[in-house]
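Following: one structure in C-alpha cells, then a few remarks.
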Amino acid sequence: MTTTAPAQRRVAVTGAASGIGRAVAALLKDQGDDVIGVDLKDADVCADLGTPAGRQEAVRAVLERSGGVLDAVIACAGISAQVPATIAVNYFGVTEILQGLRPALARADAPRAAFVGSIVGTKTGADDVVGACLAGDEPAALAAAAALAQAGAGRALYPASKAALARWVRRTAVSDAWAGAGIPLNAVGPGVVLTPMHAAVAVTEEQRRIVAQAVPMPLNGPAEPEVVARALRWLTGVENTHVTGQVLYVDGGAEAVLRGPDHV
Ligand code: NAI
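Whatever position you read off the sequence shown (first residue = 1), add 273 for my numbering.
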C-alpha cells in the first residue's frame, strides 16, 4: 500500500470537454497533474466511447500517450438520452475503459480509479438491461434497451445504466484485479449538477420543478460541477487508501431523503 506518490500524477479523464469531467480535469491540472482528456472532440484523445471500436482506440491512444503507466483514471463521459446508446456510453463506456486501462494503473505506485454514477442509480427496474450489463453482454443489453425504448419506456434507460454501474462497482472493486492489485475503485453519485447535460433537460421552469421534485436536495440544492470534481479528486488521490467499492453520493442529501432513514 502506497500513500505517497510523485507530486505530478498522470490521470486519464473521460468526458473532459464538458461539465464534471472538464471541472475535474481543470482541478487536477491546477495542482500540476498531467491530464489526458478523452472525449468525442476538444480533447487529447478523441474517441466515441459508445462503440467497442471507439473504446479500443481510446485505450490504445491513452496507453501510447501515457507510456503505459497511469496514476488514476476518472470516467465522466455520459449521456442521458432515452435511447439504447445511453447504455453503451454510460455503462460499457465506463466499465470497458476502466478495465482496458487497468493494466496501466497496476504499474503505478498509488493507482486509483473512479467514475460518475448518479442518484438515479438507486432506482430499480429495467432488470433485463441491468442483468445483461452485469453479464458483460453488450449486444444483449442494447437489444433489451431497444425493446424498452420501443415500448415507450426509454426513460428507464438512464437510471438503468447508473443502477448497473452501482452494482458493478461493488463486485469489481473487491476482486483480485482491483483490490488485490491495490487499486481503489469507486463512484460518485451526484444529485443535480449544473452542467450542459442538466441545462438540456431543465429548460423551462416546469422542467426544473419536476427535476427538483425527483431529486430533493435539502443541503444547498443543485451543485456546481466543481463540487463533484473535488470528491472525485479525493477518491483518486493518494490519501484514499481504504475506500473502495462505494458510491459516494454528492447530492445535497437526496439519497438519504429518497431511500429513507432506515436504509443501510
Ligand atoms: P456534460 O454533457 O456536460 O458532459 C458529458 C461529456 O461526455 C461531454 O463532453 C460529452 O461530449 C462526453 N461524451 C458523451 N458521449 C460520449 C461518447 N460517446 N464518447 C466520448 N465522450 C462522450 O454532462 P455532465 O453533467 O458533466 O455529465 C458527466 C457525468 O455525470 C455523466 O455520466 C452524467 O450521467 C453524470 N451525472 C450528471 C448529473 C447532472 O445533473 N449533470 C447528475 C448525475 C450524474
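All C-beta atoms, glycine included, are put in the ideal place defined by N, C-alpha and C. Please read all numbers here as calculations on a predicted model, not as lab measurements.
Same chain only: Cβ atoms within 6 Å of Ala-418, ignoring 5 sequence neighbours per side: Short of 6 Å from the beta carbon of Ala-418, and not among the five residues preceding or following it, lie these beta carbons of its own chain, in chain order: Pro-357, Ile-360, Val-402 and Leu-430.
Can you give the Cα-Cα distance for Glu-337 and Leu-531, rounded to whole angstroms? Distance between the alpha carbons of Glu-337 and Leu-531: 44 Å.
Extract the residue ranges of the beta strand (DSSP E) inside the region 373-448, only unbroken runs of 3 or more that lie entirely within it. As far as the region 373-448 is concerned, its whole beta strand (DSSP E) runs of at least 3 residues are 385-389.
Evaluate the contact criterion for the region 327-336 versus the region 409-418: three or more CB pairs, one atom per stretch, below 8 Å. Look at the beta carbons and you see the region 327-336 not touching the region 409-418: under three pairs across the two are nearer than 8 Å.
Residue interval of the alpha helix (DSSP H) (run including Asp-307): For Asp-307, there is no enclosing alpha helix (DSSP H); the enclosing beta strand (DSSP E) has its first and last residue at 307-312.
According to the neighbour-count rule (16 or more other Cβ atoms, all chains shown, within 10 Å of its Cβ), is Arg-385 buried or exposed? Around the beta carbon of Arg-385, 16 or more other beta carbons sit within 10 angstroms, so the residue counts as buried.
State the beta-bridge partners of Ile-347 as determined by DSSP. Answer is Val-286 and Ala-387.
What separation, rounded to the nearest whole angstrom, lies between the Cα atoms of Glu-497 and Asp-312? As the crow flies, the alpha-carbon of Glu-497 is around 21 Å from that of Asp-312.
Suppose you measure from the CA of Arg-283 to the CA of Asp-303; what does that come to, to the nearest Å? Taking the Cα positions, Arg-283 is about 13 Å away from Asp-303.
Heavy atom of ligand 3 within 7 Å of Asp-321 beta-carbon: Absent from the structure shown: ligand 3. Ligands present: ligand 1.
Going by the C-beta, is Thr-509 closer than 7 Å to any heavy atom of ligand 1? Result no, Cβ not under 7 Å from ligand 1.
Can you give me the start and stop residues for the alpha helix (DSSP H) that Val-484 sits inside? Where Val-484 is concerned, the enclosing alpha helix (DSSP H) stretches over 478-487.
In three-state DSSP terms, what is Asn-493? Secondary structure of Asn-493 (DSSP, three-state): coil.
To the nearest angstrom, report how far apart Gly-541 and Ala-405 are at their CA atoms. The question about residue 541 has no answer, for the chain in this structure spans 274 to 537.
Roughly how many angstroms separate the alpha carbons of Pro-432 and Leu-322, rounded to a whole number? Rounded to whole angstroms, Pro-432 to Leu-322 spans 19 Å at the Cα level.
Sequence-distant residues of its chain with Cβ nearer than 6 Å to Ile-352 (five each side left out): Around Ile-352: Thr-359 and Val-362.
Could you check whether Leu-505 and Val-466 sit closer than 8 Å to each other, using their CB atoms as the reference points? Not closer than 8 Å, so no.
Distance check for Arg-503 and Val-342, CA to CA, integer angstroms please. Spanning the two alpha carbons is a distance of roughly 23 Å.
Nonlocal neighbours in the same chain, by C-beta distance under 6 Å from Val-520, ignoring five residues either side: Cβ within range, chain order: Gly-390, Ala-439, Ala-460 and Gly-462.
Do Val-297 and Ile-309 come within 8 Å of each other at the CB atom, strictly closer than that value? No. Outside cutoff.
Span separating the alpha-carbon of Ala-278 from that of Val-511: Below a pLDDT of 50, predicted positions are generally treated as unreliable, and Ala-278, at 49, falls in that range; the measurement from the model is reported next regardless. Straight-line Cα distance between these residues: approximately 7 Å.
Where the alpha helix (DSSP H) through Gly-327 begins and ends: Run containing Gly-327: 325-339, per the alpha helix (DSSP H) assignment.
Tell me whether Asn-493, by its Cβ, gets closer than 7 Å to a heavy atom of ligand 1. Incorrect: Asn-493 has no Cβ contact closer than 7 Å to ligand 1.
Sorry if obvious, but does the Cβ on Ile-483 come closer than 7 Å to a heavy atom of ligand 1? At a cut-off of 7 Å, the beta-carbon of Ile-483 does not count as near ligand 1: no heavy atom of the ligand is closer than that.
Cα-Cα, which of Leu-458, Ala-408 and Thr-368 is closest to His-515? When each option's Cα is compared against that of His-515, the closest is Leu-458.
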